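Counting in our numbering, the sequence shown runs from 17 upward without gaps. Glycine is no exception: its CB is placed at the ideal position from the N, C-alpha and C atoms. Quick caveat, the model's predicted, so the values are computed rather than measured.
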Amino acid sequence: MKKEDGSPTFLGKIACYFHTPGTHNTDWEEQKFHSADEVWHHDEIFNGDEHLIESTTEWYESPNVASIYSDHKYIFNQNMGVEKPTEKYYEQNVDTDEFKSNMYVKENLPSQRGKLKIDTTIKTKSPPSGENNFALMDYSVKLFISYDTVDGITWLPRFLANPLNSLFRYYFVRYIAEEMLEYDIEYSRERVVEYFQYLRKYHGEEPVQTRTSQSSFETPFEGTFFE
């Protein structure tokens, strides 16, 4: 039931309310129902994607440039008790010994509803030089979390499914999510703190410089999830 321009007729628009959530046969239907069909449209933290929680960078002066990369891979597994990191890339200038690498580890959140991810980029800020071959090392760490969320009711027509999903979302966010997020985020940040503690032990000194930025997520019902 469409007009010549492809938009639905009046009866076609009424019929859309009897489609299941996620059905978008026309641009009008997608525009009209896209937000309502997605249970977590207004709560991005629960949409299944990875969300950046915190970014921290620390710089260290070190003479151990040749072994930093290989040693670093064992900090997670042997010291923190998590899986060996997944290595995304490694590049090195063989003439100057400068290098840049990226690796990450994942771990279950305390709520068992998702995972935290510690993504680490290690690079030389300056090439090794001097009598002891010192170099300035940059450790940039990004903390992500992601949740395995419930998609909601998808088998009923949307005039029934969407109000039920909205009700479920309301009670989940109001009575479960805030406390769960607070505990999961606190635990995840503590793991990053633990990681940097091991870096200090490895280098045997405090960082030359450190900076941290944190994210916050809003809930339409009350307050913020975290800051």
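- Secondary structure at K89: helix, using DSSP grouped into helix, strand and coil.
- Nearest Cα to T102 within the set D111, N95 and K89: K89.
- The beta-carbon distance between K116 and K133, rounded to whole angstroms, is 19 Å. This is too long to meet the 8 Å contact definition.
- Residue F49 holds the alpha-carbon nearest to the alpha-carbon of P173 among I138, S23 and F49.
- Between V157 and T140, the C-beta spacing is not below 9 Å.
- C-alpha of L68 to C-alpha of F160: approximately 4 Å in a straight line.
- T36 is not a Cβ neighbour of Q225, given a cutoff of 9 Å.
- Counting only runs that start and end inside the region 25 to 66, the alpha helix (DSSP H) elements of at least 4 residues fall at 26 to 32 and 43 to 53.
- Looking at the DSSP output, F175 shares a beta bridge with no other residue.
- Residue burial annotation: R185 is buried, with at least 16 other C-beta atoms found within 10 angstroms of its C-beta.
- Three or more Cβ pairs closer than 8 Å define a contact, and the region 141 to 152 falls short of that threshold against the region 205 to 212.
- When rounded, the separation of the alpha-carbon atoms in Y211 and K217 is 10 Å.
- Each of S23, H40, G64 and T39 was checked against the Cα of D167, and the nearest Cα belongs to G64.
- Collapsing the DSSP output to three states places K141 in coil.
- Annotated as distal: D87 and G130, with beta-carbon spacing of 9 Å or more.
- Under the three-state reduction of DSSP output, D113 falls in the coil class, being neither helix nor strand.
- The alpha-carbon of N80 is positioned some 44 Å away from that of D59.
- Just measuring C-alpha positions, the residue of Q128, I169, K29 and D111 sitting nearest G38 is I169.
- Spatial neighbours of H57 in its own chain (CB-CB distance under 6 Å, excluding positions within 5 residues in sequence) are listed in chain order as S51.
- Rounded to the nearest angstrom, the gap between the Cα atoms of K100 and A82 is 20 Å.
- In this structure, DSSP gives N80 a state outside helix and strand, which the three-state scheme calls coil.
- For M119 and I30, the gap between their C-alpha atoms comes out near 51 Å.
- Listed in chain order, the non-local C-beta contacts of C32 below 6 Å within the same chain comprise E45, local neighbours out to five positions each way being set aside.
- I61 is the residue among I61, D43 and H40 whose C-alpha sits nearest the C-alpha of M196.
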